Amino acid sequence: MTQGHAGPGLAKAYRPGDVEGAIYERWLAADVFAPDGTGSRADTSKAAFVIIQPPTNVTGSLHLGHAQRTAVEDLMTRHARMRGRPTLFLPGLDHASIAAQFVLDRIIAADGETRASMGRERYLERMWRFIDETRIVILGQQRRLGASLDWGRLRFTMDESSARAVREAFARLYAEGLAYRHETLINWCPGCRTSLSDLEVEATPETGTLWTVRYHVLDEVTGSPDPALTISVATTRPETILGDTGVAVHPDDPRHAALVGRRVRIPFVERDVPVFTDSVVDRAFGTGAVKITPAHDHDDYATGQRHGLPFVDVMDDAGHITAAGGPYAGLERYAARQRILADLDAAGDLVASTPHEMILGRCQRSHDAVEPRLKTQWFVRTTPLAAEALAATRARKTVILPERFEKVWEHWLTEIRDWNVSRQLWWGHRIPAWYCPDGHITVSASETGPHACVTCGRPATELVQDPDIFDTWFSSGLWPFSTLGWPEATADLTRFYPGTVMETGYDIIFFWVARMMMLGIHFLGDVPFEVVYLSGLVRDPYGQKMSKTKGNVVDPLEAIDESGADALRFALIHGAAPGNDQRFSTEKLENARNFANKLWNAARFVLGARPATIPPDALRIAPDAARIGPAERWLRSRVGAAVAAADSALTDFSFGELTRVLYDSIWGEFCDWALELAKVRLSDDALPAADREATWWTLVEALDTYLRLLHPVMPFVTEALWAEMPRAAGDPDLLVVADWPAAPPADAGAEAEVGALLELVRALRNARSEAKLDPAGWLAVEVALPAALEPTFDALTPALERLAHARPLSRVASAGALHGGPAGGLAVLAGPIEALIRPVAPDREAAARDRARLERELAGTETQLEGARARLADERFVAQAPPAVVERARARATELEERLAQLRARLAE
RNA sequence: GGGCGGUUAGCUCAGUUGGUUAGAGCGCAUGCUUGACAUGCAUGAGGUCAGAGGUUCAAGUCCUCUACCGCCCACCA
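Just so you know, we're using numbering that gives the first Met the number 0 here: the first sequence kicks off at 0 and counts up by one.
Next comes the structure, spelled out in structure tokens:
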């Protein structure tokens, strides 16, 4: 592009909906999102920036939390892209087996079907149909948000490439002895009919009942239960009585010493079990005697193993009592509990029941009480993997933000237990393990499975594949490299692994982040990402977690329809700190939309103010330094400060700080002051055209810089406005691939001088308002100011007159000249500047109000001066504080003294 | 039972390595049809930074304790 640009012009009103869709299309058409897209202007010699986004669950639509994360991810991506780095922002979907089945089960239930009635094959077909619908919705939402995802690389965890990585990873772990099959007590959800990892069990505090039950001791001679000799045990789960295989007491407990070694009869199942001692028993709890159910309780499992007790499983997959439960067989577990309690009571063996505070494990998904059950499952030995992940974070190869999460990270990985990866579900990756009739295990990474049993050579036809699937997190744990072609040694893998930043919510740090770290380091020999950026949760205006059941969910699409994607993104990023939860409210969204509107109108003004001497398609040039005035120098310096502050915020991942800086600069400096100051020069026909041009180019430069800085946060509106802006030589067509801005030079002198005069304007406005002078009238003001400020004052007088609505604003030789004139003026003090408002007409009331204002100011100044003097009088302060601090304190005291003198002089008149 | 976070203006939140005058948005009050913007402009009121103690010349900021709120981890019947 060799010519400056003039677009079709901007609509008078800002309507986000009118520009967003078209702009996304332009980005896609220009192919700027892919690291090697035809429109990419990336410098391939620079390190790639790879952002890792959690693949979205296919089950539902996006909520505000997704929107916030996508906004943050896209912000980082767009910034890196403008810095000229090749960027990879890969879109993905996760099959989310348990969540997806949970949702689909409800859908098919509406048609009167169940998982069982459909069968595995039909069920999975139905699932694919279901997710084909949802995936379109989900991907459309990301697009509406403006996420600059490389759509050509869309990956799904159920794709063959992911499946291959899963098989390979598992086969390697098995070969290395890090995956093993083992019968043990696992967490079982009767509602979902699957086992769960420890992480998927939520410990929920509840008030249950502690029942005391009598077991009858067997007569040593007759072998039948003694009606009189009993031992009482306490239990919160009477249904597990059916699986009891022992009673334990503490070895030093005299109350039960006589019964140790005797046998008791478990009621209903008529099983005779031993009474024995074990020091795990807490003598203070309950009766001091514990019923032992090794197949249904984690503690009892260990106790049972120590004492060689039988393991009697009394429950089936649905949570119903099995044949082992004798008369209760077939009953649902809680129905069985009630029947057992009633029967115990009838037999006179239910001694007591008391309310009991306890922690109950519930399924994260269905909230059913989790049942500990004995099952044979596949486990991953995590201890060695966790050690490597820990070593990596300790060596700072991967940094977790905010840092405080490193502590829980350390704790969890140190205390980690082996990971049960088997799930008794259908939707997911089938475990690639085959069993021969002799029980030999063959694990194969081949898509078609093994040819024969590796142990006995039986042919594949005689082998049966494990019906279970993997925990979803097993495939998502491979995400940073399975998406790049692993296990093949692809060019992508070399180029994009490890990733740069992994962004996600802190709620899945263990589920996902830890697994990616462990598996990434293990299989690739290097960490999967350099930075873990953890976002907080988005809550409703009252701090509640958003959930569909509470009905407080804000749909991102509604917010976008209402206020635009830019406003939503800004609202979600503004004021959010990593790891901190954030409340979302319509007020925040409105504020963000107003900001976008403000920017729109500011741009409209700048573009409309182009001096006629500049052709519409002129190439953008830097303002002529010899032609600009103090206001322009001030603006350029402030823009430079904004660039520096934005850069530093981005370096620190302080995105809330970034939006604050941009909001304040654009609204508080550019719109409130710079544009108003510029209006005078731009419309001054007496000024040489070159001067007016220089002023305009200064505004264009500032706006151009702001648009670039803001683009990562508000991509649509900035792109739309930039389309209308003059281009510099070498600028691309689209802002999305434009260069990140450099800071215009700082100008401390202009900042100080113009800053002081803006203070004067504020003071004059304040005085007018406080004295309730005619708001629309022109004030006659005389100003006395330090000699150093005089040239700036003279240059800006017309602009200052306009801003303060004061004319004439005339300079007098000295402060003394302000006194002794016609009586009844209002004194105004602004730092080193003194001014006097000459009333248009004498007004006794206004004078009185003004006097009150001055008196208040006097009192305040006195207090401040007292403090400043006390500080300086303290020898230790003068001696020990840094010289710069002492110097500042001195200057401050001097300033206050002068001000005090001025005020006293005014009040004395 | 362990650990983490929060407590700053009426509300929602910023506040960098301690530095003297603690900020913003919303809300509130007063006023403004000033040629980019009423999705706006101007001005103002409003804070003993949860409480107590300590370190320091200096504490919203560092340390200790307390209170309240929230979260995470945890196999005691």
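We put the beta carbon where it would ideally sit given N, CA and C, even for glycine.
This structure is a prediction, so every number in the text was calculated from the model and none was measured.
| Grouping DSSP H, G and I as helix and E and B as strand, with all else coil, what is residue 32? | coil
| task | Can you say whether residue 23 is buried or exposed, counting buried as having 16 or more other CB atoms within 10 angstroms of its CB? | result | buried
| said: For residue 358 and residue 233, which I take to be in contact (beta-carbon distance under 8 Å), what is that distance rounded to the nearest angstrom? | reply: Actually they are not in contact, since the Cβ atoms of residue 358 and residue 233 sit about 16 Å apart, beyond 8 Å.
| request: Between the Cα of residue 124 and those of 103, 134, 140, spot the shortest distance and give me the residue it belongs to. | output: 103
| Looking only at its own chain, which residues have a Cβ that is under 7 Å from the Cβ of residue 483, when we skip the five neighbours before and after it? | 489, 491, 492, 495, 496
| field | Best match in 639, 249, 681 for proximity to residue 797 [C-alpha to C-alpha] | value | 681
| message | Taking a contact to mean a Cβ-Cβ separation below 8 Å, would you say residue 854 touches residue 899 in this structure? | response | no
| request: Taking residue 609 as the reference, give the member of 689, 130, 685, 638 with the closest Cα. | output: 689
| query | How do the stretch 562-573 and the stretch 422-433 stand: do at least 3 beta-carbon pairs fall below 8 Å, yes or no? | reply | no
| request: Write down the C-beta distance between residue 781 and residue 733 rounded to the nearest angstrom, noting that I regard them as a contact closer than 8 Å. | output: Incorrect: roughly 53 Å between the Cβ atoms, too far for contact.
| message | Pairs of beta-carbons, one from the stretch 155-172 and one from the stretch 345-361, closer than 8 Å: are there three or more? | response | no
| Taking contact to mean at least 3 C-beta pairs separated by less than 8 Å, is the stretch 172-186 in contact with the stretch 449-464? | no
| request: Counting only runs of 4+ residues fully inside the stretch 218-290, write out the alpha helix (DSSP H) ranges in chain order. | output: none
| task | Apply the 10 Å Cβ neighbour rule to residue 614 and answer buried if 16 or more other Cβ atoms are within range, or exposed otherwise. | result | exposed
| Curious, which full-length beta strand (DSSP E) runs of at least 3 residues does the stretch 365-416 contain? | 370-379, 398-400
| request: Whole angstroms is fine: what's the gap from residue 258's alpha carbon to residue 297's? | output: 25 Å
| Presumed contact (8 Å Cβ cut-off) between residue 620 and residue 697, rounded CB distance | Their Cβ separation, rounded to whole angstroms, is 11 Å, which puts residue 620 and residue 697 out of contact at 8 Å.
| task | Please go through the same chain and pick out, in chain order, the residues whose beta-carbon is closer than 6 Å to the beta-carbon of residue 473, but skip the five residues on each side of it. | result | 420
| query | If you pair each beta-carbon of the stretch 49-62 with each one of the stretch 79-94, do three or more pairs fall below 8 Å? | reply | yes
| Helix or strand or just coil, what does DSSP make of residue 762? | helix
| task | With DSSP as the reference, label residue 892 as helix, strand or coil. | result | helix
| request: Using alpha carbons as the reference points, say which of 815, 63, 107, 711 lies closest to residue 738. | output: 711
| request: With a 10 Å radius around its C-beta and 16 neighbouring C-beta atoms as the bar for buried, classify residue 766 as buried or exposed. | output: buried
| field | Among 80, 10, 18, nearest to residue 708 - alpha-carbon criterion | value | 80
| message | I'd like to know whether the C-beta atoms of residue 758 and residue 859 end up nearer to each other than 8 Å. | response | no
| said: If you measure between the beta carbons of residue 106 and residue 76, is that distance less than 8 Å? | reply: no
| To the nearest whole angstrom, what separates the beta carbons of residue 46 and residue 82, a pair I think is in contact under 8 Å? | Between residue 82 and residue 46 the Cβ distance is about 11 Å, and since that is not below 8 Å, they are no contact.
| request: With a cut-off of 8 Å on the beta carbons, I'd call residue 99 and residue 426 a contact; round off their distance for me. | output: 5 Å
| query | Opposite residue 464 in the DSSP bridges: which residues? | reply | 433
| Separation of residue 468 from residue 918, as counted between CA atoms | There is no way to answer for residue 918, as the model of the chain reaches only from 0 to 908.
| query | Looking only at its own chain, which residues have a Cβ that is under 6 Å from the Cβ of residue 910, when we skip the five neighbours before and after it? | reply | In this structure the chain extends from 0 to 908, so residue 910 is not present and cannot be described.
| request: Pick helix, strand or coil for residue 505, following the three-state DSSP scheme. | output: helix
| field | Which residues DSSP lists as bridging residue 581, in chain order | value | 537
| field | Bridge partners - residue 314, DSSP secondary structure assignment | value | 320
| query | Which same chain residues, not among the five before or five after residue 309, have their C-beta less than 6 Å away from its C-beta? | reply | 244
| task | Taking only the alpha-carbon atoms, compute the straight-line gap between residue 658 and residue 636 and give it to the nearest angstrom. | result | 19 Å
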